[in-house]
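What follows is a short report on a single structure.
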Amino acid sequence: MFDALMLRQAEDLLALYRQAGKRLATAESCTGGLIAGCLTEIAGSSDVVDRGFVTYSNAAKVEMLGVSQALLEPPGPGAVSAEVAVAMAKGALNASHADVTVSATGIAGPGGATEGKPVGLVYLGWAARGGRAQALHHVFPGDRS
0 MFDALMLRQA EDLLALYRQA GKRLATAESC TGGLIAGCLT EIAGSSDVVD RGFVTYSNAA
60 KVEMLGVSQA LLEPPGPGAV SAEVAVAMAK GALNASHADV TVSATGIAGP GGATEGKPVG
120 LVYLGWAARG GRAQALHHVF PGDRS
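Have a look at this one:
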């Protein structure tokens, strides 16, 4: 499932966090836990990875991460947005012992696209304890995998 490059990058990230004495957590929607899965595929990752939240539904985003319902429903930006990616990352920070969190929300396809939100659109968010939270977007080509 995870290729050698992904695993090497995960090992490098874990080593950096281990050296810094930092812990991380994930908050995932469209990736369904694959980010946490890639990290925990590495032996010894438990000293860095605190936990992962899989919040595929909007209800899970609200209940588990405290994402505002107003962001998810019209006229809000919707689940696939920078605002929700940031809210997910902040929510994971509040609900964990992590120093840094990452989030992912997007449209995996083949359906679900709307005008302005194509299949492959993903917002990646991150938040740091005592720091700021941000998100960026990318449109990935290809299918769900």
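Residue numbering for the sequence shown follows numbering that gives the first Met the number 0, beginning at 0 and increasing consecutively. Note that the Cβ used here is the ideal one computed from N, Cα and C, for glycine as well.
Check, Outcome
"Selected residue, minimal CA-CA separation from P109, among L71, G141 and G20", "G141"
"A59, DSSP secondary structure in three states", "helix"
"Residue ranges of each beta strand (DSSP E) within the region 10-37, 3 or longer", "23-27"
"Beta bridge counterpart(s) of R50 as assigned by DSSP", "A24"
"V66 (DSSP reduced to helix, strand or coil)", "coil"
"Local conformation of G90 per DSSP, three classes", "helix"
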